[in-house]
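Have a look at the structure below before the remarks.
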Amino acid sequence: MKVMAVVAAGVVLAAVAVGYTVHAADRPAPETAPGAIAPGLHVRTADGTVSGTSLSCHRFYAAGDAAVCLAAKPGFPPKTTATVLGRDLTTRHEVEFGGTPNRARVSPSGRMVSWTVFVSGDSYTASGFSTRTGILDTRTGYLVKNMESIQLYLDGRRHHAPDVNFWGVTFAADDNRFYATVATGGRTYLVEGDMAAWTARTLRANAECPSLSPDGTRIAFKKRVLPGADDPWRLHVLDLATLRETPLAETRSVDDQAAWLDDRTLAYALPGPDVWKVPADGSGAPELLAADASSPSMAP
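Going by my numbering, the residue at position 156 of the sequence shown is 156; the numbering climbs one at a time, nothing skipped.
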């Protein structure tokens, strides 16, 4: 298979991980699901397929002209394949790497794709868990194999530590700015990143799995409100202009990267699994959106 070269594109990475391959879309196409990704809500159903398609994914997300499907591969150690698809469900890229699928996002244009996998442990509360987060520029083929090489600034100072972990990327409309979670020193932080400069700076502590609103003004995130508890997180929304946060009406613990249905409403999965929705301004009450489902994504 043809291996795509990593394009420098003016971005210098300090280190890269091994074990990843990117396959170009001009190779013989694998079997693809029939139909296309229609506008509207898509979820992972009880049988593991994405609603409206026959794609089999553990995590799915669609935006712009692209979608990403994370699928676990059988065997040990665990491996994952990230398949980047067009809206017509033709395969554009494939990336294979170690780990268990956890998070997936596509930028509003469809150009930038990100994924997170667990490489040890099976939950955020697992002892010694570790993540690997990658980013692919589908236009150039530029692949960040592991975000841990980024220049991280913690409270304005350059930060180096062996325990740094990133997860849960969400992209802005310019395909350059992004937000993510970083964990280091026993704390989690919301970071704002710059792809071209390959830097990230912390914005606030105690924020995980960010999701940028369609209008680019707010971030939904899960906040740890009960340290040490089995169900510790509550959904909040952060106003980026004022850094004022609003707790949402969902009081159950949400261990998910919420998805915006529009500028007013968020969707998320709860154990069951079921997909629920709640207003993003703290009003109202949670409503069941899709039973026996997870991994919500609103395709435009």
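Ideal placement from N, C-alpha and C gives every residue a C-beta, glycine not left out.
Out of curiosity, what's the CA-to-CA distance linking Leu-212 and His-159?
25 Å
Would DSSP call Glu-309 helix, strand or coil?
Outside the displayed range of the chain (1 to 300) lies residue 309, so it cannot be described from this structure.
Count Cβ pairs between the segment 225 to 232 and the segment 183 to 193 that sit closer than 8 Å; are there 3 or more?
no
Kindly indicate which three-state DSSP category Met-147 falls into: helix, strand or coil?
helix
Based on DSSP bridge pairs, tell me the residues matched to Met-112.
Asp-137
Cα-Cα separation between Tyr-268 and Ala-249, rounded to whole angstroms
13 Å
Taking 8 Å as the limit between beta carbons, can you name the residues of its chain near Asn-176, skipping five residues before and five after?
Asp-194, Met-195 and Ala-196
Endpoints, the beta strand (DSSP E) within which Gly-193 is located
187 to 194
Burial state of Lys-73, where buried means 16 or more other Cβ atoms lie within 10 Å
exposed
Our contact map puts Gly-48 next to Ser-56 with C-beta atoms below 8 Å; I'd like the distance itself, whole angstroms only.
5 Å
With DSSP as the reference, please indicate the residues paired to Ala-46 in a beta bridge.
Paired residues: none, contrary to the question.
Between Thr-81 and Glu-94, how many whole angstroms is the CB-CB distance? I'm expecting something under 8 Å.
6 Å
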